[in-house]
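S.K.: Quick one: the structure is below, questions incoming.
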DNA sequence: ATGACGATTTACT
DNA sequence: GTAAATCGTCATA
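Residue numbers (my numbering): 101 to 305.
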């Protein structure tokens with residue numbers, strides 16, 4: 101299956117967040133094993149105005165440097181002292197926006213994902229819908245960490261997104277973003293998108 | 001040098 | 001429903 105191209109990523113993050121639903125995130129491990137899943141939940145983060153974004157107020161640091169770069173690269177950050185989260189950079193250099201990948205429907209390499217997720221949790225308690233139903237869960241399942249921050253999703257060999265099944269608008273729902281209550285009015289904006297009724301969502305939408 | 005804080009997950013009451 | 005886990009990052013000094 102063909103990968104998404106640079107033009108696909110270089111647009112408004114809220115539009116991109118919807119367009120990414122139904123596409124397939126692929127991670128190729130060092131031993132060549134392919135892990136993949138259909139993207140079923142995303143959130144858009146909008147540049148310097150968005151109080152919930154890491155680039156709020158024009159903040160530009162070593163950590164968020166990827167958000168300021170060209171579209172189609174990964175922005176992977178570490179948070180809460182233990183979790184990684186993956187974003188896809190949108191728009192153009194100097195317009196720091198991104199889309200957080202919040203949940204996948206596992207497709208390839210499910211047993212390997214289960215092994216990655218079982219480091220801290222008993223495998224017997226892990227249902228398939230527990231593998232990638234949250235931003236830090238999918239990062240752990242696919243072995244995505246800061247080593248992949250800045251990775252080019254168009255030319256890279258370890259992390260990219262392939263075309264999936266097109267998703268009609270009536271199967272997409274929008275709602276407030278998760279975990280950004282500190283962001284004032286920006287916390288209420290409907291910038292979280294998900295596939296209606298999909299069991300892999302981090303929460304119902 | 002120091003302190004406060006997470007774009008979360010998990011277990012437990 | 002609530003709380004703990006756990007540490008890199010960033011603003012302040």
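Idealized CB from N, CA, C, for every residue including glycine. For clarity, every value in this text was computed on a predicted model and none was experimentally measured.
Check the C-beta distance from residue 199 over to residue 143 and give it rounded, since I have them as a contact under 8 Å.
M.R.: Counting from one through the first chain, the residue named residue 199 turns up at place 99. Counting from one through the first chain, the residue named residue 143 turns up at place 43. The pair is a contact, with the Cβ atoms about 7 Å apart (cut-off 8 Å).
S.K.: In three-state terms, what does DSSP make of residue 266?
M.R.: Numbered from its first residue, the first chain carries residue 266 at position 166. In the three-state DSSP reduction, residue 266 falls in the coil class, being neither helix nor strand.
S.K.: May I ask you to report which of helix, strand or coil DSSP gives residue 213?
M.R.: In the first chain, residue 213 corresponds to position 113, counting from 1. Note: residue 213 maps to helix in three-state DSSP.
S.K.: Can you tell me where the alpha helix (DSSP H) holding residue 241 begins and where it ends?
M.R.: Position 141 of the first chain, counted from the start, is the residue given in the question as residue 241. Counting along the chain, the unbroken alpha helix (DSSP H) around residue 241 starts and ends at 235-241.
S.K.: Which term fits residue 181, buried or exposed, when burial requires 16 or more other beta carbons within 10 angstroms of its beta carbon?
M.R.: Residue mapping note: residue 181 aligns to position 81 of the first chain, counting from 1. Result: exposed.
S.K.: Suppose only complete runs of 3+ residues qualify. What are the beta strand (DSSP E) ranges in the segment 163-194, listed by chain order?
M.R.: 174-179, 183-189
S.K.: Applying the criterion that 16 or more other CB atoms from any shown protein chain within 10 Å of the CB defines a buried residue, is residue 257 buried or exposed?
M.R.: Translated into positions along the first chain, residue 257 becomes position 157. By the 10 Å Cβ count, residue 257 comes out exposed.
S.K.: Spatial neighbours of residue 214 within its chain, please: C-beta separation below 7 Å, excluding the five flanking residues on both sides.
M.R.: By one-based count along the first chain, residue 214 stands at place 114. Excluding positions up to five away in sequence, the list reads 223, 226, 231.
S.K.: In or out: residue 131 buried (at least 16 other Cβ within 10 Å) or exposed?
M.R.: Translated into positions along the first chain, residue 131 becomes position 31. Residue 131 should be labelled exposed.
S.K.: Tell me the DSSP secondary structure of residue 144 in three-state form.
M.R.: For the purposes of this step, residue 144 is identified with residue 44 of the first chain, where counting begins at 1. DSSP places residue 144 in strand when its eight states are reduced to three.
S.K.: State whether the segment 252-268 contacts the segment 163-175, with contact taken as three or more CB pairs (one from each stretch) at a distance under 8 Å.
M.R.: Contact check between the segment 252-268 and the segment 163-175: three or more CB pairs, one atom from each, fall below 8 Å, which counts as touching.
S.K.: How many Å lie between residue 270 and residue 133 at the Cα?
M.R.: Working through the first chain from its first residue, we reach residue 270 at position 170. Working through the first chain from its first residue, we reach residue 133 at position 33. Roughly 35 Å separates the two Cα atoms.
S.K.: Just mark residue 303 as buried or exposed, buried being the case when its beta carbon has 16 or more other beta carbons within 10 Å.
M.R.: Your numbering for residue 303 matches position 203 in the first chain. Exposed.
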